[in-house]
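Novice:
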Amino acid sequence: MSISSNDRDLLLSQKADEIENDLQLLGVIGIEDHLQEGVQETIVALREGGVQVWVLTGDKLETAENIARSCGLFDSHTNTKTIQKREDLSTVGNGRAKAVLCYRMTPSEKAEIVKL
77 MSISSNDRDL LLSQKADEIE NDLQLLGVIG IEDHLQEGVQ ETIVALREGG
127 VQVWVLTGDK LETAENIARS CGLFDSHTNT KTIQKREDLS TVGNGRAKAV
177 LCYRMTPSEK AEIVKL
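The sequence shown begins at 77 in this note's numbering and counts up one residue at a time.
Shown next as structure tokens:
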């Protein structure tokens, strides 16, 4: 039996909803994953060299945007456009966008983008 990644995500979400009921919060931990040294400088150099930088992450949108800002990919003046359909990818892949941020991606979706 084969399950597509979309079906798999839906099934996992449904099972999580079934299991995660009547739970009691025991504690909270916060972890900050710092960027490696030189990331901002590398992104600047790539952009100056005409490279369109793409970030592919499994993180949620808010986390992905924070990462993009902290590494200098986005700033407070960056205009963003949300693309939700595969057909619209051509508008960012043609080089008009200075950077592309893809979030909530599975490993197989990341591989698909890399193949483009």
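Built from N, CA and C at the ideal position, the CB exists for glycine as well.
From what residue to what residue does the beta strand (DSSP E) around Leu132 run?
Specialist: Val129 to Leu132
Novice: Have a look at Asp98 and Ala92 and give me their C-alpha separation to the nearest angstrom.
Specialist: 12 Å
Novice: Assuming Met181 and Leu111 are in contact, meaning their beta carbons sit under 8 Å apart, how far apart are those beta carbons, in whole angstroms?
Specialist: With a contact defined as Cβ atoms closer than 8 Å, Met181 and Leu111 miss out at about 19 Å.
Novice: Flag this pair as yes or no: are the beta carbons of Leu149 and Ile119 separated by less than 8 Å?
Specialist: yes
Novice: From the DSSP secondary-structure annotation, give me the bridge partner or partners of Cys178.
Specialist: DSSP output for Cys178 lists Leu132 as bridge partner(s).
Novice: Could you give the distance in angstroms between the alpha-carbon of Val127 and the alpha-carbon of Asp85?
Specialist: Cα atoms of Val127 and Asp85: separation of roughly 33 Å, rounded to the nearest angstrom.
Novice: Where Lys174 and Arg123 are concerned, what is the direct C-alpha to C-alpha distance, given to the nearest angstrom?
Specialist: 8 Å
Novice: Distance, Cα to Cα, Val190 vs Glu138?
Specialist: 23 Å
Novice: Given a cut-off of 8 Å on the beta-carbon distance, is the pair Cys147 and Gln116 in contact?
Specialist: yes
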